[in-house]
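Chemist: Each residue of the sequence shown is one higher than the one before, counting from 15 in this note's numbering.
Pasting a structure here, questions to come.
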Amino acid sequence: MKVTIDGHTIEVDAGTTVLQAARMIGGECVPPTMCYYSKLKQTGGKCRCCLVEVSKGSENDPRPMPKLQPSCITNVQDGMEVKSASSERAVKARKAITELLLINHPLDCPVCDQAGECDLQDLAYQTKTYKSRFTEEKETYEPEDIGPYISLNKNRCIICYRCLRVADQLTPERVHGVMNRGDHSEISTYIKGAIDNDFSGNMIDVCPVGALTDKTARFQSRIWFAKPFNAHRGCSKCEGKAVLWMFGSEIYRVSAPKDAYHEAENFICNECRFDHKNANDWTIDGPRKFERLSVNNVNNYTEKLNKVQFNIDELPLQGRPQDREKISMPDFPFTECEKKQIKKADEE
Ligand code: SF4
Ligand code: FES
């Protein structure tokens with residue numbers, strides 16, 4: 015099937031979603047995601063961050079779809095034409111969704127362990143959502159202790175359902191869920207029981223915000239001060255491939271390696287994540303590159319640097335040539351080129 019997204023045409027198999035097709039193309043046309051997770055089944059369709067405009071339904075039915083569509087759960091049709099970053103409507107809607115997600119989300123990035131690698135923080139920067147019009151009181155929840163490894167902060171939860179999918183698909187049984195509906199929704203009271211199994215730590219990695227964070231690394235450092243390294247170890251429960259976040263030879267945190275979309279490349283077991291914080295337990299393969307633009311890797315040297323242009327008159331920086339001539343010292347005469355500039359400026 016042929017689909018065109020932001021002017022780029024690609025052939026894909028039947029059953030491919032618009033989001034997957036956009037990821038195959040890559041670049042700016044890839045919509046942001048907060049609930050979809052390619053490594054887990056039945057994700058997506060919850061947050062509406064990935065909205066796109068379908069300007070042509072298909073070859074057989076070329077009518078545009080009147081409403082914006084969530085790209086992560088919309089299947090491609092042959093001949094479909096989609097506008098993603100090029101659609102003013104979609105971009106505006108994504109910004110509105112970001113503002114909506116931030117309504118009840120506390121703006122506690124300065125003390126949140128997820129800061130720097132938070133998908134919501136990145137989304138807010140990406141959509142330039144810097145201000146909120148919400149003046150009412152934010153919904154808050156009592157703290158809940160869910161065991162020694164994972165810290166739950168329900169106030170930050172955006173009800174993306176990813177951690178439920180981890181519990182469903184990676185652990186023997188799910189013992190937590192989303193209680194209530196609408197703005198009363200909250201992530202369960204039974205999450206405590208989900209901690210007693212070997213893969214529960216992956217909830218930390220899939221959580222797009224700071225609702226689930228690693229208790230063993232909590233409040234110890236900002237993530238951008240630690241250096242990530244690819245490492246592996248022989249493990250009987252998982253592949254044993256992880257990322258070590260280190261200060262010198264000290265391991266600050268162990269997480270699953272993540273791809274360009276900030277999704278785990280492989281899930282890791284709790285033993286690798288929480289019990290092996292000694293560098294001698296691991297074979298270090300080398301430093302890990304930052305894969306995507308995020309708050310964590312702003313200004314890092316692996317990103318292509320944009321040329322900065324100052325939209326101001328050059329004069330305040332350099333001074334006018336004729337003024338410089340007046341104060342110039344005889345020991346430092348003007349060059350031929352500067353003399354020409356002065357002459358030109360005088361003539362003007
Ligand atoms: S706790 Fe995190 S992963 Fe779970 S639903 Fe809330 S935001 Fe999503
Ligand atoms: S990523 Fe598509 S609806 Fe959330």
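Note that beta-carbon positions come from the ideal geometry of N, C-alpha and C, so glycine has one too.
What's the C-alpha gap between V68 and Q91?
Modeler: Position 54 of the sequence shown, counting from 1, holds the residue named residue 68. Position 77 of the sequence shown, counting from 1, holds the residue named residue 91. Taking the straight line joining both Cα atoms gives about 11 Å.
Chemist: Identify whether D299 lies in helix, strand or coil by the three-state DSSP scheme.
Modeler: Counted from its first residue, the sequence shown places residue 299 at position 285. In the structure shown, D299 sits in a strand (DSSP, three-state: E or B).
Chemist: Classify S263: buried if its beta carbon has 16 or more other beta carbons within 10 angstroms, exposed otherwise.
Modeler: Position 249 of the sequence shown, counted from the start, is the residue given in the question as residue 263. Result: exposed.
Chemist: Classify R217 as helix, strand or coil using the three-state DSSP reduction.
Modeler: What you label residue 217 is simply residue 203 of the sequence shown in a count that begins at 1. Position check: residue 217 holds Met in this sequence, whereas Arg was assumed. Of the three classes helix, strand and coil, the one that applies to M217 here is helix, per DSSP.
Chemist: Using only the heavy atoms of the ligand FES, determine whether one of them is closer than 7 Å to the beta carbon of C64.
Modeler: By 1-based counting over the sequence shown, the position of residue 64 is 50. Yes, Cβ of C64 sits closer than 7 Å to a heavy atom of the ligand FES.
Chemist: Who does N89 pair with in a DSSP beta bridge?
Modeler: On the sequence shown, position 75 is the one that residue 89 refers to. Paired residue(s): T31.
Chemist: Can we say the stretch 174 to 187 touches the stretch 212 to 221, given the rule of at least three CB pairs closer than 8 Å?
Modeler: They touch, by the three-pair rule.
Chemist: Given Y50, which residues of its chain have a CB within under 6 Å of its CB, disregarding the five upstream and five downstream residues?
Modeler: Taking the sequence shown and counting its residues from 1, one reaches residue 50 at position 36. Excluding positions up to five away in sequence, the list reads T57, G58 and C86.
Chemist: Does the beta carbon of M48 fall short of 7 Å from some heavy atom of the ligand HEM?
Modeler: No copy of the ligand HEM occurs in the structure displayed; its ligands are the ligand SF4 and the ligand FES alone.
Chemist: Does the distance from the CB of C43 to the CB of R108 come in under 8 Å?
Modeler: Within the sequence shown, residue 43 is the residue found at index 29, counting from 1. Within the sequence shown, residue 108 is the residue found at index 94, counting from 1. The answer is no: Cβ separation not under 8 Å.
Chemist: Are the Cβ atoms of V66 and T18 separated by less than 8 Å?
Modeler: Here residue 66 refers to the residue found at position 52 when the sequence shown is read from its first residue. Here residue 18 refers to the residue found at position 4 when the sequence shown is read from its first residue. Contact: no.
Chemist: Just the Cα atoms here: how many angstroms apart are C286 and G254?
Modeler: For the purposes of this step, residue 286 is taken as residue 272 along the sequence shown, with counting starting at 1. For the purposes of this step, residue 254 is taken as residue 240 along the sequence shown, with counting starting at 1. Rounded to whole angstroms, C286 to G254 spans 7 Å at the Cα level.
Chemist: I'd like to confirm something about P222: is its beta-carbon nearer than 7 Å to some heavy atom of the ligand FES, or not?
Modeler: Taking the first residue of the sequence shown as position 1, residue 222 is located at position 208. No, since every heavy atom of the ligand FES falls outside the 7 Å radius drawn around the Cβ of P222.
Chemist: Relative to the alpha-carbon of C249, which residue among D212, V220, S235 and F239 has its alpha-carbon at the smallest distance?
Modeler: Counted from its first residue, the sequence shown places residue 249 at position 235. The shortest Cα separation from C249 among D212, V220, S235 and F239 belongs to D212.
Chemist: Give a single yes or no on whether C171 has its beta carbon closer than 7 Å to a heavy atom of the ligand FES.
Modeler: By 1-based counting over the sequence shown, the position of residue 171 is 157. Flag unset: Cβ of C171 not near the ligand FES.
Chemist: Decide if the stretch 228 to 241 is in contact with the stretch 137 to 149; the criterion is three or more beta carbon pairs, one per stretch, under 8 Å apart.
Modeler: Flag = no, the stretch 228 to 241 and the stretch 137 to 149 do not touch.
Chemist: Give me the residue from P84, A129 and T154 with the minimum Cα distance to N118.
Modeler: In the sequence shown, residue 118 corresponds to position 104, counting from 1. Comparing Cα-Cα distances from N118 to each of P84, A129 and T154, the minimum goes to T154.
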